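First the structure, in the form of structure tokens, and then the observations on it.
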């Protein structure tokens, strides 16, 4: 008897629900209501677009989430104040350069007219130019103006004799170190990688809970930069500049990879570094848990900001180490401003680019966001050097920074190399000799498609 | 469909009106499927026969017959990704079915607060996958992750970098998937459990059947169709895994979590190899199609047998 009552109660709601439909539900009317709602929604959406256009010009700027958002807000405010009626819409893409690339090219592939100005990583020029996505800027950005910028950065923005981007800031790998810890053991910043490993060993032996080195070794574009620096420092290459052939199977390149696997990953650096991009590796350093740190110039500001860093004021900066017999060469990074060929606001887009790359905005970005200017003469500016003494050290690295291979198929080449580096570093079983021959062959295949 | 000829004549006007009406009602659905399912599939097939490289418009779009498929056949990375995908599908689906069955059995019983538990079980499934993936990425973090804290507490030296290790990274992705979608299997199995009348259990109990016998002789056979449906959905869904990998590992380290869908995405969107990327999509489509055909045949027979 009790069981039955309980069962009855359990089924009751089901009955109520199913019996409600036949009475109140009139399919025709419901459908009509939905249709009206749909039409209303659509027309409102349409109105919205029109209203915004009528108000003035909108400039759509595709950018990533900056490390200092307030600085970018200030810059956009200045531009809007100087150009009444213009509204800059910033669309924020992902932090990772690879993901940013995937989303941006998606818009360009679709020939979106809702895109005027975009940020370009230094390695995309060839692809964006060959695919016809970026507008050639030669009339607006003549040679005389180009000569005010670092030559290697201008070179990286040029493809087939035409220029496609205006350099906004320059990046190179730098070595950050803990001044206090090195001084404690009477050490000077290491000039070679083996020396760095030795110093890290000495320092970490006496300090609890601290690692020797932190950098970026996740399977993504940053892995290429980090590994290229090791390879170049050992006089190796990714691709021979003269012959255009893949060079990863050459001895210097193999030795460098071997060194990173045997001495860095899981030894001087934590094994977790294989999952690190810039933010994670920087976090380790600013928490005081790493002696040495490889990062781009922006890390200076972050590491010395007492509100975000436990090591503020204890940070030194130096060029990256080399290998004995090699020379330090950092990877050239940095971001450029490009105009979409499908933009309907090309003139305004250029005004915005000219504004962003002007000396005063580059100075502002240098002072407030620690982004390194691409204009050479800013490095002689006393105001800048007074606030950013680190630029004196950095300039030497900027001038000699090495670009990554230039090819319209660079993203494919990069993925092939990322796969190889990640395999070689994370699997102790991976045979570097064999794998490097395989990756070189795979790269050759891509290079024959696009010489 | 065959209609006996003699009835057509007398029923014609009404029949035709009804069929027109039915066609009108079906049209939106059909149009939707045509635009969002058939067209992309056909278009992918078409793209897969061309060499299209976005970075090289100078190549134009040569028709290369089955060259992309030949290349895919010899592609070691794709083979590795295929193996990863099958591993992911097999482990995650098996665990989800078992866990889902257990969860369904628990929430099918009546106890105080059952409504609350039922809702709670569904929460992981209701969370967007990207959010859940990000959460699991944090849980697996080597310095501030919850997993390390639970395992090692304040013994910081033992903390592991789970996502940096090829084996553990794959395991982490599988666990995240199990956590997220077991509830879905549970929901479908629960629906099956609800259709079993209590009288069957009562009779079995009177006959002296043990709990285990009641489970294997009554519950399992009667929820078999529900189990198969859950299995079908879970397998197909697991095969299309993408977002977990995209957020948690990006296919790394050393391609240990590189699954087919992610590899296809990389080829298409990152490298701009539209033709080759489409070929990978077609492969995924064919595998899922084959799987579902097998399941549907199996499933159809099961349901026929159970419901005479």
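Chains as they are written, first to last, in our numbering: chain A, 981 to 1431; chain B, 3 to 310.
All C-beta atoms, glycine included, are put in the ideal place defined by N, C-alpha and C.
Quick caveat, the model's predicted, so the values are computed rather than measured.
- DSSP places residue 200 (chain B) within a helical segment (H, G or I) once states are collapsed to three.
- At a cut-off of 4 residues, the continuous stretches assigned as alpha helix (DSSP H) that sit fully inside the stretch 181 to 230 of chain B are 200 to 208, 213 to 216.
- Listed along chain B, no residue sits closer than 9 Å to residue 1142 (chain A) by beta-carbon distance, the nearest being about 15 Å off.
- For the stretch 1398 to 1418 of chain A, the beta-carbon criterion of a distance under 7 Å to any beta-carbon of chain B is satisfied by 1399, 1402, 1403, 1406, 1407.
- Contact between the stretch 186 to 194 of chain B and the stretch 155 to 165 of chain B is absent: fewer than three C-beta pairs spanning the two stretches fall below 8 Å.
- Remark: C-beta atoms of residue 1106 (chain A) and residue 1427 (chain A) do not approach each other more closely than 9 Å.
- Residue 1172 (chain A) is bridged by DSSP to A:1302.
- The three-state secondary structure of residue 1045 (chain A), taken from DSSP, is coil.
- The alpha carbon of residue 1165 (chain A) has as its nearest neighbour, out of A:1171, A:1359, A:1178, A:1200, the alpha carbon of A:1178.
- By the criterion of a C-beta distance shorter than 6 Å, residue 1375 (chain A) is surrounded in its chain by 1359, once the five residues flanking it on both sides are discounted.
- Inclusion of residue 1383 (chain A) and residue 1150 (chain A) in the CB contact set at 9 Å is not warranted, their separation being larger than that value.
- Around the beta carbon of residue 1069 (chain A), fewer than 16 other beta carbons lie within 10 angstroms, which makes this residue exposed.
- A straight-line Cα-Cα distance of about 37 Å links residue 217 (chain B) and residue 245 (chain B).
- Of the residues A:1302, A:1297, A:1176, the one whose Cα lies closest to the Cα of residue 1247 (chain A) is A:1176.
- Among the CB atoms of chain A, one or more fall inside 9 Å of the CB of residue 59 (chain B).
- CA-CA distance, residue 1317 (chain A) to residue 1102 (chain A), rounds to 10 Å.
- Spanning the alpha carbons of residue 123 (chain B) and residue 1182 (chain A) requires a straight line of approximately 52 Å.
- Counted as a single uninterrupted DSSP element, the beta strand (DSSP E) harbouring residue 1101 (chain A) occupies residues 1097 to 1101.
- Contact annotation: in the stretch 1195 to 1209 of chain A, residues whose CB is within less than 7 Å of a CB in chain B are 1198, 1199, 1200.
- Under DSSP, residue 1272 (chain A) shares a beta bridge with A:1157, A:1193.
- Close to residue 1081 (chain A), with beta-carbon spacing below 7 Å, are these residues of chain B in chain order: 272.
- Across the set A:1052, A:1125, A:1214, A:1113, the C-alpha of A:1214 shows the shortest separation from the C-alpha of residue 1308 (chain A).
- Chain order gives the chain A residues near residue 252 (chain B) as 1076, 1078, 1079, 1198, 1199, 1200, where near means a beta carbon separation below 9 Å.
- Counted as a single uninterrupted DSSP element, the stretch harbouring residue 1202 (chain A) is not any beta strand (DSSP E) but the alpha helix (DSSP H) occupying residues 1201 to 1213.
- At a cut-off of 4 residues, the continuous stretches assigned as alpha helix (DSSP H) that sit fully inside the stretch 244 to 290 of chain B are 245 to 250, 262 to 267.
- At a cut-off of 9 Å between C-beta atoms, residue 1085 (chain A) counts as an interface residue with respect to chain B.
- Around the beta carbon of residue 1220 (chain A), a 10 Å sphere encloses fewer than 16 other beta carbons of the protein chains shown; the residue is thus reported as exposed.
- Considering only beta carbons, the part of the stretch 1097 to 1112 of chain A lying closer than 8 Å to chain B consists of 1106, 1107, 1110, 1111, 1112, in chain order.
- For residue 1253 (chain A), the nearest beta carbon of chain B is closer than 9 Å to its own beta carbon.
- In the DSSP assignment, residue 1123 (chain A) falls within the unbroken alpha helix (DSSP H) covering 1123 to 1126.
- Residue 1151 (chain A) sits in a strand when the DSSP states are folded into three classes.
- Below the 7 Å Cβ cutoff, chain B contributes 56 as neighbours of residue 1089 (chain A), in chain order.
- Against chain A, the beta carbon of residue 158 (chain B) has neighbours under 8 Å at 1189, listed in chain order.
- With respect to the 9 Å criterion, residue 236 (chain B) and residue 99 (chain B) are classified as neighbours on the basis of their beta carbons.
- Measuring C-alpha to C-alpha distances from residue 1269 (chain A) to each of A:1201, A:1275, A:1261 identifies A:1261 as the nearest.
- Proximity to residue 1136 (chain A) across A:1158, A:1116, A:1104 peaks at A:1104, based on C-alpha coordinates.
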